[in-house]
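Novice: Numbering (our numbering), first residue to last: 98 to 423.
Handing you a structure now.
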Ligand code: SAM
């Protein structure tokens with residue numbers, strides 16, 4: 098196992114067999130996490146990048162089997178922020194010192210590309226990068242958003258197991274998701290993808306394929322995390338035990354893609370005490386504090402117990418592990 102970790106650290110290449118060996122192993126987690134931490138330090142440094150996350154709508158046309166804001170969930174108060182509200186939240190984030198704003202929403206087609214372009218142009222009057230995470234759109238729509246000034250886009254593939262993807266995403270098409278990711282790359286977005294870990298029926302083999310997919314896509318960012326069951330979804334009864342496996346997927350991804358940005362995701366902190374810090378010490382270099390207003394934050398309940406962040410505490414926590422805010 099040490100040989101595989103060493104090879105990954107030096108060449109940033111592993112075969113599928115080697116990845117599955119690492120994922121299956123339980124004895125060398127410490128060595129794996131330490132190696133990923135070293136590679137993170139060597140390639141992207143000790144600074145942690147903060148991204149201000151604005152969750153601007155929880156109204157969704159999709160029905161992903163794991164997601165609490167899926168269209169079929171009737172026990173949820175839905176909301177949509179106006180353009181003015183989104184711009185205000187973004188401007189406040191910029192005033193607080195954030196250099197990137199992430200506009201995330203459910204798949205809500207109320208926001209046309211032109212409407213989003215107006216919001217983007219307005220926010221871009223500030224010196225700030227904009228990341229979008231709004232789901233699947235056409236090439237033309239992605240183009241309008243890019244031309245309006247959007248810099249980056251996050252769209253997780255969720256799983257590369259086509260059969261599993263089909264089961265968990267009714268009326269969605271795996272090939273279309275791939276098309277979206279290719280379009281985003283083609284249009285020059287810094288493109289982020291990622292997967293969920295702990296899906297029912299997900300195998301080690303398919304997680305290895307996920308990692309190889311990230312590399313093949315040449316993604317610029319990878320966001321991944323454990324699945325957390327939500328009581329209003331078909332996956333309500335599954336076990337939320339994907340933390341350590343997701344940390345391993347994160348660490349291996351860092352070894353194979355040394356230059357990318359990887360968040361310590363909120364799901365990791367929610368499912369495991371100190372999960373965010375553990376992720377930051379196993380390859381992650383980004384944290385995304387939620388700057389959505391208090392009234393709406395709790396309504397964006399993709400899973401229960403979503404942990405939010407206290408900025409001052411965050412700085413202290415980072416300091417303790419020898420890291421600073423970028
Ligand atoms: N609608 C956009 C999209 O599809 O990319 C962005 C919003 S979506 C809610 C953001 C991410 O939340 C998804 O990519 C999914 O991986 C994650 N997510 C949804 N439900 C989850 C759950 N129960 N546990 C952990 N992560 C979840």
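By construction, the Cβ of each residue, glycine as well, lies at the ideal position given by its N, Cα and C atoms.
As a quick exercise: from 226, 112, 311, 297, pick the residue whose alpha carbon is nearest that of residue 248.
Specialist: Nearest option by C-alpha distance: 226.
Novice: What ranges does the beta strand (DSSP E) occupy inside the segment 146 to 189, keeping only unbroken runs of at least 3 residues that lie completely in it?
Specialist: You should have 149 to 154.
Novice: Would you say the beta carbon of residue 109 comes nearer than 7 Å to a heavy atom of the ligand SAM?
Specialist: Residue 109: no, Cβ never under 7 Å from the ligand SAM.
Novice: Count the other CB atoms, across all protein chains shown, that sit within 10 Å of the CB of residue 360; report buried if there are 16 or more and exposed otherwise.
Specialist: The residue in question, residue 360, is buried, as its Cβ has 16 or more Cβ neighbours within 10 Å.
Novice: Short check: CB of residue 385 to CB of residue 358, under 8 Å?
Specialist: Going by C-beta atoms, residue 385 is not nearer than 8 Å to residue 358.
Novice: Less than 8 Å between the C-beta atoms of residue 363 and residue 152, yes or no?
Specialist: No, they are not a contact pair.
Novice: Taking all protein chains shown into account, decide if residue 245 is buried (16 or more other Cβ within 10 angstroms of its Cβ) or exposed.
Specialist: It is buried - the Cβ of residue 245 has at least 16 other Cβ atoms within 10 Å.
Novice: In chain order, what are the residue ranges of uninterrupted alpha helix (DSSP H) at least 4 long that sit wholly in the segment 235 to 287?
Specialist: List check, alpha helix (DSSP H) in window: 236 to 245, 259 to 265, 271 to 283.
Novice: Starting from residue 367, trace the alpha helix (DSSP H) in both directions and tell me its first and last residue.
Specialist: Start and end: 363 to 368.
Novice: Would a C-beta distance cut-off of 8 Å place residue 135 and residue 382 closer than the cut-off?
Specialist: Cβ atoms of residue 135 and residue 382: not closer than 8 Å.
Novice: Report all residues from its chain with a CB closer than 8 Å to the CB of residue 184; omit the five preceding and five following residues, and keep chain order.
Specialist: Once the five neighbours on either side are set aside, the close Cβ partners of residue 184 are 216, 219, 220.
Novice: Determine which residues share a DSSP beta bridge with residue 201 and list them.
Specialist: For residue 201, which the question treats as bridged, DSSP gives the partners 152, 230.
Novice: Excluding sequence positions up to five away, which residues of its chain have a Cβ less than 6 Å from the Cβ of residue 397?
Specialist: Excluding sequence neighbours, residue 397 sits near 152, 155.
Novice: Quick one: give me the first and last residue of the alpha helix (DSSP H) that residue 139 is part of.
Specialist: Where residue 139 is concerned, the enclosing alpha helix (DSSP H) stretches over 126 to 141.
Novice: Inspect the beta-carbon positions of residue 340 and residue 291 and report whether they are closer than 8 Å.
Specialist: For residue 340 and residue 291, no; Cβs fall outside 8 Å.
Novice: Relative to the C-alpha of residue 406, which residue among 400, 414, 399 is closest?
Specialist: Closest option to residue 406, Cα to Cα, is 414.
Novice: Measure from the alpha carbon of residue 205 to the alpha carbon of each residue in 199, 172, 143, 157, then state which is nearest.
Specialist: The residue with the shortest Cα to Cα distance from residue 205 is 157.
Novice: I'd like the list of long-range same chain contacts for residue 273, defined as Cβ closer than 7 Å, with 5 residues on each side in sequence excluded.
Specialist: Taken in chain order, the residues that qualify are 233.
Novice: Please list, in chain order, all residues of the same chain as residue 241 whose beta carbon is under 6 Å from its beta carbon, the five residues on each side excluded.
Specialist: Excluding residues within five positions, the ones whose Cβ falls inside 6 Å are 210, 214.
Novice: If we count the other Cβ atoms within 10 Å of its Cβ and call it buried at 16 or more, is residue 179 buried or exposed?
Specialist: With fewer than 16 Cβ atoms within 10 Å of its Cβ, residue 179 is classed as exposed.
Novice: Would you grab the beta carbon distance between residue 282 and residue 271 for me? Rounded to a whole angstrom, and I think it's under 8 Å.
Specialist: So it is not a contact: roughly 17 Å between Cβ atoms.
Novice: Am I right that residue 165 and residue 330 are in contact with their C-beta atoms under 8 Å? What's the rounded C-beta distance?
Specialist: At roughly 6 Å, the Cβ-Cβ gap stays under 8 Å, so residue 165 and residue 330 are in contact.
Novice: Using the beta-carbon count (16 or more within 10 Å), is residue 393 buried or exposed?
Specialist: Looking at its Cβ environment, which holds 16 or more other Cβ atoms inside 10 Å, residue 393 is buried.
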